[in-house]
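Residue numbers (this note's numbering): 1107 to 1468.
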Amino acid sequence: MTDTKTSLPEVRERIDSIDRQIQELISERANWAQEVAKVKGEGLSAIDYYRPEREAHVLRMVVDRNKGPLPDAEMVRLFREIMSSCLAQEDPLKIGYLGPEGTFSEQAVRKHFGHAAYGLPLGSIEEVFQEVAAGHADFGVVPVENSGQGMIQVTLDMFLTSDARICGEVELRVHQCLHSMAGKLENIKRVYAHAQSLQQCKTWLRMNLPGVECEAVSSNAEAARLARHADDVGAIAGETAGKVYGLKTLATGIEDRADNTTRFLVIGRSLFPPSGNDRTSLLITVNDKPGALYDVLSPFARHDVSLNRIESRPAHSGKWQYAFFIDVSGHINDEALQGAVKDIEQSVAQLRVLGSYPVALP
């Protein structure tokens, strides 16, 4: 709190002084980031310097130290951008995501990697996996779950055939808008959106645009791109997509659930060490026998490992065979989780560690 007798010029001078200190400290941090590069050696790329477990640890300390008035999420965002810029001094990370520009996937990229990373928009979730596997992208960001609509099956299915490792997770609060070149709702004859977004807004659409044809497209940004070329078409997309494609926003907050949140996975090619607050994802294929699922789940209870989520999908290895995607608390290096995995491996057809990664930050 400032003294009530402090003049406005004095307050501004104090703010200017603090700004100079902040700038000097950011420059000092960037110089020390360059020292890290020198210590590790020449000829390395950004992916060799990027340590998600280290970033998660640093950002958790930011949250622990935060006394306000800025909320935790805002402090994390500011520090993420500083870290992103320092990392990108030599060679920015290349991050694949479901494009085109303006998708929620791109927002998840910026939330997790900052704006100094190079975003690589791709045509499908499958292509994100392929570009990461080929080394054309350092990491990829793919949606895996929505709080209202459940799991995104194409993402789960890709893990059945891909060697991708999960390196992180991002939770993004999703606010849907209706954009159009038209000036009024009554001029809308057709609405484009990703299938998930159409489901997320179905009640609003029924009440506000009854009888209007709704058509699913590859992404919400693609919907916005299509709406740009017609006066009677609406697009459901985030605020960013409306701005990118020069559309008018006719309605905001049209999602049916107030807590509409999408969880994204960061995929890469390596496993990383523990961060101190981690989640592990496992892919387990069971043998066709009585009690198969019990044999999978009971070791977690015996070793006191908390089960976060379980989802089944056809295993693609034979008719009526299923694979289970299981998320548990902890890192695969933890003694308890290693004990549970060892017990499970004795009774299943296959067990694969998809990744151990820091739990999503605010």
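For glycine and all other residues, C-beta sits at the position ideal for the given N, C-alpha and C. This one's a predicted model, so the numbers in the text were calculated from it and none came from an experiment.
Backbone secondary structure at P1405 - three-state DSSP
Residue numbering aside, residue 1405 sits at position 299 when the sequence shown is read from its first letter. The answer is helix: DSSP assigns P1405 an H, G or I state.
When the Cα atoms are used, what is the spatial distance from E1361 to A1299?
Your numbering for residue 1361 matches position 255 in the sequence shown. Your numbering for residue 1299 matches position 193 in the sequence shown. If I take the Cα positions, the gap works out to 13 Å.
Would P1227 and G1205 qualify as a contact pair, given that the criterion is a beta-carbon distance under 8 Å?
As a first step, residue 1227 is located in the sequence shown; it is residue number 121 there, counting from the start. As a first step, residue 1205 is located in the sequence shown; it is residue number 99 there, counting from the start. Contact: yes.
How far does the alpha helix (DSSP H) with F1185 in it extend, from its first residue to its last?
Along the sequence shown, read from residue 1 onward, the residue named residue 1185 stands at position 79. Element bounds for F1185: D1178 to L1193.
Assigned exposure category for R1312 - 16 Cβ within 10 Å defines buried
Locating residue 1312 in the sequence shown gives position 206, counting from the first residue. Its Cβ having fewer than 16 others within 10 Å, R1312 is exposed.
Using three-state DSSP, classify M1257 as helix, strand or coil.
Here residue 1257 is taken as the residue at index 151 of the sequence shown, counted from 1. Taken through DSSP and simplified to helix, strand or coil, M1257 comes out as strand.
For S1303, name the three-state secondary structure that DSSP assigns.
Within the sequence shown, the letter at position 197 stands for residue 1303. Helix.
Give me the Cα-Cα distance between Q1195 and Q1140, rounded to the nearest whole angstrom.
Stepping through the sequence shown from its first residue, residue 1195 is reached at position 89. Stepping through the sequence shown from its first residue, residue 1140 is reached at position 34. Rounded to whole angstroms, Q1195 to Q1140 spans 8 Å at the Cα level.
Same chain, Cβ closer than 6 Å to T1391, neighbours up to 5 away in sequence not counted
Stepping through the sequence shown from its first residue, residue 1391 is reached at position 285. Taken in chain order, the residues that qualify are A1421, A1429, A1455 and Q1456.
Look at the alpha carbon of V1238 and the alpha carbon of Y1203, and state the distance between them as a whole number of angstroms.
Numbered from its first residue, the sequence shown carries residue 1238 at position 132. Numbered from its first residue, the sequence shown carries residue 1203 at position 97. The straight-line gap from Cα to Cα measures roughly 10 Å.
Integer-rounded CB distance, given that G1461 should sit under 8 Å from Y1351
Here residue 1351 refers to the residue found at position 245 of the sequence shown. Here residue 1461 refers to the residue found at position 355 of the sequence shown. Contact check for Y1351 and G1461: beta-carbon distance about 34 Å, past the 8 Å limit, so the pair fails to qualify.
Answer yes if the stretch 1408-1422 comes into contact with the stretch 1302-1321, meaning at least three C-beta pairs across the two stretches below 8 Å, and no otherwise.
Because the criterion of three Cβ pairs below 8 Å is not met, the stretch 1302-1321 and the stretch 1408-1422 do not touch.
Can you tell me where the alpha helix (DSSP H) holding D1433 begins and where it ends?
Counting from 1 along the sequence shown, the entry for residue 1433 is found at position 327. Per DSSP, D1433 lies in no alpha helix (DSSP H); the unbroken beta strand (DSSP E) holding it starts and ends at Y1428 to S1435.
Does the Cβ of K1111 have 16 or more other Cβ atoms within 10 Å, making it buried, or fewer, making it exposed?
The residue you call residue 1111 lines up with position 5 of the sequence shown. Burial is judged here by how many other beta carbons sit within 10 angstroms of a residue's own beta carbon; K1111 has fewer than 16 and is exposed.
Under 8 Å between the Cβ atoms of L1278 and T1367?
Taking the sequence shown and counting its residues from 1, the one referred to as residue 1278 is at position 172. Taking the sequence shown and counting its residues from 1, the one referred to as residue 1367 is at position 261. In this structure, L1278 places its C-beta atom within 8 Å of the C-beta atom of T1367.
Measuring CB to CB, does M1181 end up less than 8 Å from V1168?
For this step, residue 1181 is matched to residue 75 along the sequence shown. For this step, residue 1168 is matched to residue 62 along the sequence shown. The answer is yes: Cβ separation under 8 Å.
Strictly by DSSP, which residues pair up with K1354?
As a position in the sequence shown, residue 1354 is number 248, starting the count at 1. In the DSSP output, where bridge partners are listed per residue, K1354 has S1286.
Between G1254 and Q1306, how many whole angstroms is the CB-CB distance? I'm expecting something under 8 Å.
Position 148 of the sequence shown, counted from the start, is the residue given in the question as residue 1254. Position 200 of the sequence shown, counted from the start, is the residue given in the question as residue 1306. About 6 Å separates the two Cβ atoms, so the contact holds.
Just to check my reading of the structure: M1070 and V1248 have Cβ atoms closer than 8 Å, yes? What is that Cβ distance to the nearest angstrom?
Nothing can be reported for residue 1070, as the shown portion of the chain is limited to 1107 through 1468.
Can you grab the Cα-Cα spacing for the pair G1220 / A1136, in whole Å?
The count along the sequence shown starts at 1 and reaches residue 1220 at position 114. The count along the sequence shown starts at 1 and reaches residue 1136 at position 30. One C-alpha to the other measures close to 15 Å.
Entirely enclosed alpha helix (DSSP H) segments - the stretch 1188-1230, minimum 4 residues:
For the stretch 1188-1230, whole alpha helix (DSSP H) runs of length 4 or above, ordered along the chain, are 1210-1219.
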